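The sequence shown begins at 924 in our numbering and counts up one residue at a time. By construction, the Cβ of each residue, glycine as well, lies at the ideal position given by its N, Cα and C atoms. The model shown is predicted, which means the values in this text are computed figures rather than measured ones.
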Amino acid sequence: LLNIEHDWIHIDILKGETKTRKILALSPAGKIPLLITDQGETLSESNAILNYLCEGSALYPSDIWHRAKVHQWQFFEQYSHEPYIAVARFINKYLGLPEERLEEYKSKQEGGNSALRIMETQLTQTPFLTGDSITTCDISLFAYTHVAHDGGFDLNHYPNILKWIDRIKSQEDFSAMA
924 LLNIEHDWIH IDILKGETKT RKILALSPAG KIPLLITDQG ETLSESNAIL
974 NYLCEGSALY PSDIWHRAKV HQWQFFEQYS HEPYIAVARF INKYLGLPEE
1024 RLEEYKSKQE GGNSALRIME TQLTQTPFLT GDSITTCDIS LFAYTHVAHD
1074 GGFDLNHYPN ILKWIDRIKS QEDFSAMA
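What follows is the structure, given as structure tokens:
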């Protein structure tokens, strides 16, 4: 959305590429995404990177209360959304829903649907998660929500989330995620 010039380097987590000596030297926890600035500084964790890159833009509010609400939704994404939706997606899409992970998958469905209901409730009140305009928390939650169907989640049960996804995709300079 900001048209920041960058070089994209694909790292295949399924092939263990996050555990190479080169990546671990840049990100000791082996976390991706990983931002390397022009000055050679590194930053991991998607929300930290997102907020850093959006500093000074309308996507990351300068008002302390509004910014706190953005952070609230980003913490929700990290602790109440991603652990369920992303893991269910991984088990289903990348592992092929193996029998030995079926109980875990069902548990992730429960937690994921709970998170989606919370988002749905908020999106009955406002077009974006913190109000009338898109912020970094919308981008944070968009990442796994728009592909939640890969984890077995039926977004047709969440009409306001579907409208929200469309609003995000209709943003000027929106670029689809790989």
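C-beta contact flag for residue i and residue j at 7 Å
i       : j       : result
Asn926  : Thr1059 : no
Leu982  : Ile972  : no
Thr941  : Ile955  : yes
Ala1071 : Leu1064 : no
Glu1005 : Tyr1067 : yes
Thr1053 : Lys1092 : no
Asp1096 : Leu947  : no
His1069 : Ile1057 : no
Counterpart residues of residue i in DSSP-defined beta bridges
i       : result
Ser967  : Leu957
Gly1054 : Phe1051
Residue i - DSSP class collapsed to helix/strand/coil
i       : result
Asn974  : helix
Gln997  : helix
Ser950  : coil
Phe1013 : helix
Thr943  : coil
Asn926  : coil
Trp931  : coil
Ala991  : helix
Asp1061 : helix
Met1100 : coil
Leu982  : coil
Ser1093 : coil
Asp1073 : helix
Tyr1081 : coil
Leu1018 : coil
Gln962  : coil
Residue i Cβ short of 6 Å to the ligand MG heavy atom set
i       : result
Arg1012 : Ligands displayed in this structure: none; no statement on the ligand MG is therefore possible.
Presumed contact (8 Å Cβ cut-off) between residue i and residue j, rounded CB distance
i       : j       : result
Arg1090 : Pro1050 : 6 Å
Checklist entry - Quick one: any contact between the stretch 1024–1039 and the stretch 1006–1014, if contact means 3 or more CB pairs under 8 Å? => result yes
Item to check | Contact the stretch 994–1008 vs the stretch 1037–1051: 3+ CB pairs below 8 Å | outcome: yes
Checklist entry - Can at least three beta-carbon pairs, one atom from the stretch 1043–1055 and one from the stretch 947–966, be found at a separation below 8 Å? => result no
Checklist entry - How about the stretch 975–995 and the stretch 1012–1027: do they share at least three Cβ pairs that are nearer than 8 Å? => result no
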